[in-house]
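*Asks:*
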Ligand code: SF4
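In the working numbering, the protein residues as written are 213 to 743.
1. Within a Cβ cutoff of 6 Å, which residues of the same chain sit near residue 682, ignoring the five residues on either side of it in sequence?
2. Could you tell me the distance, in whole angstroms, from the CA atom of residue 364 to the CA atom of residue 317?
3. Could you name the residues, in chain order, whose CB is less than 7 Å away from a heavy atom belonging to the ligand SF4?
4. Leaving aside the five residues before and after residue 701 along the sequence, list all residues of the same chain whose C-beta is less than 7 Å from its C-beta, in chain order.
5. Using the three-state DSSP reduction, which class does residue 730 fall into: helix, strand or coil?
6. Give every residue of the same chain whose Cβ lies closer than 7 Å to the Cβ of residue 243, excluding the five residues on either side of it in the sequence, and list them in chain order.
7. Quick one: any contact between the stretch 520-534 and the stretch 264-271, if contact means 3 or more CB pairs under 8 Å?
8. Which residue wins for smallest C-alpha separation from residue 675, given the options 566, 642, 687 and 628?
9. Would residue 630 and residue 667 be called neighbours here (beta carbons separated by less than 9 Å)?
10. Compute the Euclidean distance between the alpha carbons of residue 221 and residue 332, then round it to the nearest angstrom.
11. Go through its chain and collect everything with a Cβ distance to residue 492's Cβ below 7 Å, but skip five positions before and after it.
12. For the stretch 246-253 against the stretch 474-493, are there 3 or more C-beta pairs whose distance is under 8 Å?
13. Short of 7 Å in beta carbon distance, which residues of its chain neighbour residue 467, apart from the five on each side in sequence? Order them along the chain.
14. Can you tell me which of the three DSSP states residue 461 falls into?
15. Using alpha carbons as the reference points, say which of 377, 240, 339 and 463 lies closest to residue 646.
16. Rounded to the nearest angstrom, how far is the Cβ of residue 346 from that of residue 644, given a contact under 8 Å?
17. Which of the three DSSP states is assigned to residue 349 in this structure?
18. Count the other CB atoms within 10 Å of the CB of residue 260; is the residue buried (16 or more) or exposed (fewer)?
19. Is any non-hydrogen atom of the ligand GTP found closer than 8 Å to the C-beta of residue 698, if you look at the structure I gave you?
20. Residue 193 lies in the beta strand (DSSP E); which residues open and close that run?
21. Going by beta carbon distance, what residues of the same chain come within less than 8 Å of residue 516, once the five residues before and after it are set aside?
22. Is the separation between the beta-carbon of residue 633 and that of residue 626 shorter than 9 Å?
23. Would you mind stating whether residue 649 and residue 655 have Cβ atoms separated by less than 9 Å?
24. Note down the Cα distance separating residue 215 from residue 587, rounded to an integer number of angstroms.
25. Take residue 472 as the anchor and find which of 504, 494, 495 and 456 has the nearest alpha-carbon.
26. Examine the Cβ distances between the stretch 352-370 and the stretch 406-415 and report whether three or more of them are shorter than 8 Å.
27. With three or more beta-carbon pairs closer than 8 Å as the criterion, would you say the stretch 553-573 touches the stretch 683-692?
28. Helix, strand or coil: how does DSSP classify residue 503 here?
29. With DSSP collapsed to three states, give me the class of residue 471.
30. Can you tell me whether residue 714 is buried or exposed? The criterion is at least 16 other CB atoms within 10 Å of its CB, across all chains shown.
31. Is it buried or exposed for residue 610, if we count other Cβ within 10 angstroms and need 16 for buried?
32. On the DSSP letters alone, give me the boundaries of the alpha helix (DSSP H) that residue 287 sits inside.
33. Distance check for residue 218 and residue 304, CA to CA, integer angstroms please.
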């Protein structure tokens, strides 16, 4: 049955169902036939609005979602293409987007993507030239060009968010970036995978509190003991299966018939809870063999959906000492979130570094400050002179290398990340906020380090400056400035802040706001990070 994702999702009376399919590492044969078979049966059934196709999941090579999606699109099934920032630079990404538009596939889930996995001959180079917020803006600008050329349909773009983070800093970073994604033009939201109804509710409360009126689809994953174990071991970035849930699943699967039944029941009950909470739909994942399981989940959902409140306790799998943004679970207006009530406490060195860098920035890089003005005049005088390179090597490179592990990108972004370097400290070089891959406050790629956005939050919350990582959107780094002086580029208005006005203008205004320290409960309700 022909359904249009955009129409179904914007119809408030329609509870949308989407189905995630994962292409294999083959161009033909059983893996492709299986995915196409599921898509055909999905189309015949008619209850699923669109299938979404993953983009090199886990960072490992697989059949392109564009080509597989097109085959499915030809069947008549609407398709959402996952579009990550990992494997191509901005030139390749724009070209890919144009290709998708020409093929008529304009539903895009814009993602940073998992870190690079292994392909031909070893691990692939992680590109991450732009991030998912910048990708939203790029697709929005392309949509305008598509419209200008006579096609009224631009891209229909969505974003991902994880409410299932354990620590305050990670939760704040997720919601702050969600604000930027919405401001950058995202039109729908799909959640990461988790089994905590209170966290699912938290996302809707945050959306309401922050005025993010986008339809959200909650992830419903068909858990088997094997997938539960993999997720529990932290091998699927951002997804959460707690130890308690893993034990439940293992107990249920003592024999496969009852295991299957329990899995269907859990998925149907979670779908009912999501519908009851007010989600616009569900995004079903974990289907690899046939459509049968999806049909049975949807049959069961239609039977039990009105009893959703009875199932809330089935999804009570909190993470140990996990942070919740709302102290009460009232069904009325949400209280203020409790961010900043019991903030993470950076160590002394961390605090001193932040204070020093901030002072230097405010003194020498704010043109309203007399020294900022003098610095600008000085830069104008030395720019292009042979001695300037030597001077900059001495007074810029050495201190920045020592204080920030500066990579000399020439287009400094530390002021957007709590005075931490997004090039050396974030393996995905993100300038607009955290990716979804952190776990327990740690980086997805280097778990021995705290996520740079958790550190940034720790620095900013204690200085009362968290709004900085919510407002506006940060334009992409200008690669043409690589290995040049970032100080000269800043003062001579050559860097991203001046050169990309068209980009930054698109998301300068956002109504998102966390009223820090409002409504703090008397006791901490969550974890406290230290770094
Ligand atoms: S100039 Fe670039 S590499 Fe150096 S600290 Fe700034 S953001 Fe990092």
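Cβ atoms here follow ideal geometry from the backbone N, Cα and C, with glycine treated the same way.
*Replies:* To lay it out plainly:
1. Answer for residue 682: 388, 391 and 724, listed in chain order.
2. 14 Å
3. 612, 616, 618, 619, 620, 621, 622, 623, 624, 625, 626, 633, 634, 635, 636 and 698
4. 622, 623, 693 and 707
5. Low local confidence applies: a pLDDT of 48 at residue 730 is under 50, so the model's placement there is unreliable, with the coordinate-based value given in what follows. Here residue 730 sits in coil by DSSP.
6. 236
7. Contact between the stretch 520-534 and the stretch 264-271 is absent: fewer than 3 CB-CB pairs across the two stretches fall below 8 Å.
8. It is 566.
9. yes
10. 39 Å
11. 221, 228, 427, 428 and 429
12. no
13. none
14. When DSSP states are grouped into helix, strand and coil, residue 461 belongs to the helix group.
15. 377
16. 7 Å
17. helix
18. buried
19. Within the structure as shown, the ligand GTP is missing, the only ligands being the ligand SF4.
20. Any answer about residue 193 is impossible in this case: the structure gives the chain only from 213 up to 743.
21. Counting only residues of its own chain and dropping the five nearest sequence neighbours on each side, residue 516 has a CB closer than 8 Å to the CB of 480, 481, 484 and 523.
22. Yes, these two residues count as a Cβ contact at 9 Å.
23. yes
24. 59 Å
25. 504
26. no
27. no
28. Three-state result, residue 503: coil.
29. Helix, per DSSP.
30. exposed
31. exposed
32. 277-287
33. 26 Å
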